[in-house]
Amino acid sequence: MPELPEVETIVRGLDGLLAAKVVAEVRVFYPGSFPDDPALTATRLTGAVIRRVDRRGKAILIYLDNSRVLMVHLKMTGQLIYYGQETASRISELLPGRSTRIAIHFIDGSVLYFNDQRKFGWMKLLAEEELTRQPFLQKLGVEPLSGAFTAGHLEKLLNRRKGSSVKAALLDQSIIAGIGNIYADESLFLSGIDPDRRCRDLTSEEVKRLHRAIRRVLRESIKMGGSTRRNYRNAIGQTGDYLTKAWVYGRTGEACRKCGRPIMKKRTAGRGTHYCPGCQS
DNA sequence: CACTTGACCTGTCCGC
DNA sequence: TGCGGACAGGTCAAGT
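Residue 4 is where the first sequence starts when you use the working numbering, and the numbers rise one by one after that.
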């Protein structure tokens with residue numbers, strides 16, 4: 004599910020909602036969502052105070068006052084949805100939902116639900132000082148919306164993956180952190196590059212266009228609250244609107260917004276890939 | 001080593 | 001209406 008814009012939207016929402024909340028109780032409906040030791044994780048969370056919520060790539064980092072950090076990966080279908088005390092009690096018969104895996108209750112009666120239809124997502128409690136050594140975080144590449152991500156930087160990064168398709172390179176989190184299937188397709192459309200092109204064959208001009216396109220698409224999507232294909236919801240359960248404006252993603256057979264030819268779909272890097280044969284070469 | 005494929009799960013949609 | 005198969009926003013291990 005969530006790529007950088009969706010995770011960013013959730014994080015901005017949660018940061019405002021969860022600051023200073025005290026964990027009263029953790030209910031575990033699916034232990035696999037706490038892969039490191041469900042009972043111990045729940046125990047260590049209880050009583051903790053939330054400081055702030057941040058993100059690295061697609062990973063959500065919830066900083067606690069006990070020198071620990073709750074790291075959350077939503078994978079394809081994960082959701083983190085907050086209900087204030089009033090809402091939680093008003094709709095209590097609907098909660099937890101069918102796909103609720105973890106519920107974190109706070110002392111003021113508010114609740115944070117971790118829902119995950121496909122069960123791929125997870126939450127891990129880490130000591131803050133081990134964050135830099137955490138294997139998943141350690142492997143992540145550059146943040147595409149940071150100042151460190153320049154066109155020159157992208158050109159160097161793509162040289163590392165010279166033999167592979169440019170789409171596979173965009174999906175590789177160790178190169179750029181946060182791009183997934185939707186924004187890979189959108190960025191490649193905007194830069195006029197066929198997803199199957201080899202990284203080594205891209206000209207400097209094309210890399211510059213791709214760099215601009217990535218930043219433009221991610222920023223635009225954050226503005227629209229991200230993309231909801233099916234499962235994505237923000238911190239208070241709302242859908243995102245980016246797909247109503249998408250260039251190619253999810254628009255197979257519809258007219259290209261630039262040239263009018265039908266958008267096509269093929270398989271590249273093992274993923275369904277949307278593109279316009281007229282605009283991308 | 002570089003790159004691709006299958007597995008992890010559940011749910012939905014499409015064609016017959 | 002029912003059933004099988006393909007497919008879905010991610011990542012990792014195993015394969016070529």
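Note that the Cβ used here is the ideal one computed from N, Cα and C, for glycine as well.
Does the count of Cβ pairs from the stretch 236-243 and the stretch 180-197 closer than 8 Å reach three? no
Is the CB-CB distance between S113 and A91 below 8 Å? yes
Note down, one range per segment and in chain order, each alpha helix (DSSP H) of at least 4 residues found wholly within the stretch 75-134. 88-93
Just curious, the beta strand (DSSP E) that T276 is in, first and last residue? R274 to Y278
Residue from Y278, I13 and L64 whose Cα sits closest to the Cα of G133: The sequence as given places Glu at residue 133; Gly does not occur at that position. Of Y278, I13 and L64, the residue nearest in Cα terms is L64.
Let me know if S194 comes out buried or exposed under the rule of 16 or more other beta-carbons within 10 Å of its beta-carbon. buried
For L43, the nearest candidate out of E28, I53, V52 and V56 (CA to CA): E28
Hey, L48 and L128: beta-carbon distance below 8 Å or not? yes
So, are the CB atoms of R264 and G281 less than 8 Å apart? yes
For the structure I just gave you, are there three or more beta carbon pairs, one from the stretch 92-107 and one from the stretch 28-40, closer than 8 Å? yes
Just list the residues that DSSP pairs K269 with in beta bridges. T276
So, G150 versus I178, is the Cβ gap smaller than 8 Å? no
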